[in-house]
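Take a look at the structure below.
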Amino acid sequence: MSRTAVSAERGHRVFAWFYARTSAAAENGPLGEYRRSLVRQAAGVTVDIGSGVGHNLPHLPAAVTQVHLVEPDPHMRSRLEARMDDAMRLHAVGAESLPIDDGSVDTVISTLTMCSVDDVDAVAGELHRVLRPGGKLLVMEHVRSIDGRIARRQQRLDRLWPAFSGGCHIDRDTGSALGHAGFDTAALRRVELPGTPAVTREFVLGAMERR
Ligand SMILES: C[S@@+](CC[C@H](N)C(=O)[O-])C[C@H]1O[C@@H](n2cnc3c(N)ncnc32)[C@H](O)[C@@H]1O
Numbered sequence: 083m084s085r086t087a088v089s090a091e092r093g094h095r096v097f098a099w100f101y102a103r104t105s106a107a108a109e110n111g112p113l114g115e116y117r118r119s120l121v122r123q124a125a126g127v128t129v130d131i132g133s134g135v136g137h138n139l140p141h142l143p144a145a146v147t148q149v150h151l152v153e154p155d156p157h158m159r160s161r162l163e164a165r166m167d168d169a170m171r172l173h174a175v176g177a178e179s180l181p182i183d184d185g186s187v188d189t190v191i192s193t194l195t196m197c198s199v200d201d202v203d204a205v206a207g208e209l210h211r212v213l214r215p216g217g218k219l220l221v222m223e224h225v226r227s228i229d230g231r232i233a234r235r236q237q238r239l240d241r242l243w244p245a246f247s248g249g250c251h252i253d254r255d256t257g258s259a260l261g262h263a264g265f266d267t268a269a270l271r272r273v274e275l276p277g278t279p280a281v282t283r284e285f286v287l288g289a290m291e292r293r
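Numbering (our numbering), first residue to last: 83 to 293.
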């Protein structure tokens, strides 16, 4: 029997294939290091939004008791399901509307996902809603540059970029959206990913406590 809670039919077949084939290599470099240092802070009931092909799963520590995977793309889900175990439940929905009770979650993980969601503000609000006070939001997201020249290039490129990258946007100010939803963004670091084009090099990274 499938462990998928709801079914949804939209997705990017070619991007899912491409991401599964190419993204594993990046996990051996600085991106993988950022990811490991972040995901190992998860504990208790944990929600991973935009789980993709499951790159966060090997890094979940023993302190995690239950995992909700949120993935609306059926082509990603078919790959993700192969990596799931019995403590994991897969929700075939967008993170704009999570089928999870208010304040019932200890940790939310968002890695390389806020760039791809339909509505960043709605997702930020949902993450705040499902986390209990004192719960943690673990974030690793590429964002709009603080260098105005690069930001303008991101804005121009973003007219076409999503069409070739599974809906990923390169000019999002994810840190501000999380701040508006009520998260204390002081704990977010801005880091650069070496060896990456300038338009996808700047990240926000860190663990924020839900107030
Ligand atoms: C670049 S992949 C990142 C996957 C994974 N989080 C990682 O770190 O490798 C972006 C993922 O976000 C998913 N996604 C797109 N729209 C979404 C939404 N509205 N809610 C949740 N996830 C979404 C995509 O299907 C895709 O799996």
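Glycine residues also receive a C-beta, built at the ideal position from the N, C-alpha and C atoms. Quick caveat, the model's predicted, so the values are computed rather than measured.
(message) For residue 96, list the residues DSSP reports as bridge partners.
(response) Counted from its first residue, the sequence shown places residue 96 at position 14. According to DSSP, residue 96 bridges with nothing at all.
(request) Would you check if the distance between the CB atom of residue 242 and the CB atom of residue 116 is smaller than 7 angstroms? (result) Here residue 242 corresponds to residue number 160 of the sequence shown, with the count starting at 1. Here residue 116 corresponds to residue number 34 of the sequence shown, with the count starting at 1. Against a cut-off of 7 angstroms, the Cβ pair of residue 116 and residue 242 comes out as no contact.
(message) What does the alpha-carbon distance come out to for the pair residue 157 and residue 249?
(response) Along the sequence shown, one-based indexing puts residue 157 at 75. Along the sequence shown, one-based indexing puts residue 249 at 167. The C-alpha of residue 157 lies about 14 angstroms from the C-alpha of residue 249.
(message) Can you find the residues in the same chain that come closer than 8 angstroms, C-beta to C-beta, to residue 293, ignoring five residues on each side of it along the sequence?
(response) Against the sequence shown, residue 293 aligns to sequence position 211. Excluding sequence neighbours, residue 293 sits near 215, 264, 265, 266.
(request) Just the C-alpha distance for residue 222 and residue 205, rounded to the nearest angstrom, thanks. (result) Here residue 222 refers to the residue found at position 140 when the sequence shown is read from its first residue. Here residue 205 refers to the residue found at position 123 when the sequence shown is read from its first residue. In a straight line, the C-alpha of residue 222 is about 15 angstroms away from that of residue 205.
(message) Measuring only the C-alpha atoms, how far is residue 167 from residue 131?
(response) Within the sequence shown, numbered from 1, the residue matching residue 167 stands at position 85. Within the sequence shown, numbered from 1, the residue matching residue 131 stands at position 49. Distance between the alpha carbons of residue 167 and residue 131 is about 17 angstroms.
(request) Measure from the alpha carbon of residue 225 to the alpha carbon of each residue in 138, 165, 198, 159, then state which is nearest. (result) Within the sequence shown, numbered from 1, the residue matching residue 225 stands at position 143. Checked all of 138, 165, 198, 159; the closest Cα to residue 225 is 198.
(message) Going by DSSP in three states, residue 272 sits in which element: helix, strand or coil?
(response) Position 190 of the sequence shown holds residue 272. Residue state, collapsed to three classes: strand.
(request) Using 10 angstroms around the beta-carbon of residue 276, count the other beta-carbons present and answer buried if the total reaches 16, otherwise exposed. (result) Taking the first residue of the sequence shown as 1, we reach residue 276 at position 194. With fewer than 16 Cβ atoms within 10 Å of its Cβ, residue 276 is classed as exposed.
(request) Grab me the residues of residue 94's own chain with a C-beta within less than 7 angstroms of its C-beta, minus the 5 sequence neighbours each way, in chain order. (result) Residue numbering aside, residue 94 sits at position 12 when the sequence shown is read from its first letter. Correct list, in chain order: 155, 157, 248, 249.
(message) ligand 1 and residue 154: does any heavy atom of the ligand fall closer than 6 angstroms to the residue's C-beta?
(response) Here residue 154 corresponds to residue number 72 of the sequence shown, with the count starting at 1. Flag set: Cβ of residue 154 near ligand 1.
(message) If the criterion is Cβ atoms closer than 7 angstroms, does the pair residue 289 and residue 123 meet it?
(response) Counting from one through the sequence shown, the residue named residue 289 turns up at place 207. Counting from one through the sequence shown, the residue named residue 123 turns up at place 41. In contact: residue 289 and residue 123 (Cβ atoms closer than 7 angstroms).
(request) Could you name the residues of the same chain whose beta carbon sits closer than 6 angstroms to that of residue 253, not counting the 5 residues immediately before and after it, in chain order? (result) Along the sequence shown, read from residue 1 onward, the residue named residue 253 stands at position 171. For residue 253, where only same-chain residues beyond five positions count, the Cβ hits under 6 angstroms are 226, 236, 237, 240.
(request) Drop a sphere of 10 angstroms on the beta-carbon of residue 228, count the other beta-carbons inside from all chains shown, and report buried for 16 or more, exposed for fewer. (result) Stepping through the sequence shown from its first residue, residue 228 is reached at position 146. Classification for residue 228: exposed.
(message) Once DSSP output is grouped into helix, strand and coil, what is the label at residue 180?
(response) Against the sequence shown, residue 180 aligns to sequence position 98. Reduced to three states, the DSSP call for residue 180 is coil.
(request) Taking residue 209 as part of the alpha helix (DSSP H), name the residues at either end of that continuous run. (result) Against the sequence shown, residue 209 aligns to sequence position 127. First-last of the alpha helix (DSSP H) with residue 209: 202-212.
(request) Tell me whether residue 188 counts as near ligand 1, meaning its Cβ is closer than 6 angstroms to at least one heavy atom of that ligand. (result) As a position in the sequence shown, residue 188 is number 106, starting the count at 1. No; taking the cut-off as 6 angstroms, the Cβ of residue 188 has no heavy atom of ligand 1 nearer than that.
(message) Could you tell me the alpha carbon to alpha carbon distance between residue 161 and residue 103, rounded to whole angstroms?
(response) The residue given as residue 161 occupies position 79 in the sequence shown. The residue given as residue 103 occupies position 21 in the sequence shown. Taken atom to atom, the span from the alpha-carbon of residue 161 to that of residue 103 is near 11 angstroms.
(message) Need the endpoints of the alpha helix (DSSP H) that residue 236 sits in, please.
(response) Your numbering for residue 236 matches position 154 in the sequence shown. Start and end: 230-239.
(request) Would you tell me roughly how many angstroms separate the C-alpha atoms of residue 98 and residue 218, rounded to the nearest one? (result) As a position in the sequence shown, residue 98 is number 16, starting the count at 1. As a position in the sequence shown, residue 218 is number 136, starting the count at 1. Taking the straight line from one Cα to the other gives about 28 angstroms.
(request) Report yes if the CB atom of residue 146 is closer than 7 angstroms to the CB atom of residue 128, and no otherwise. (result) As a working note, residue 146 is residue 64 in the sequence shown. As a working note, residue 128 is residue 46 in the sequence shown. By the CB criterion at 7 angstroms, residue 146 and residue 128 fall inside the cutoff.
(request) Reducing DSSP to helix, strand and coil, say where residue 147 ends up. (result) By 1-based counting over the sequence shown, the position of residue 147 is 65. Strand, per DSSP.
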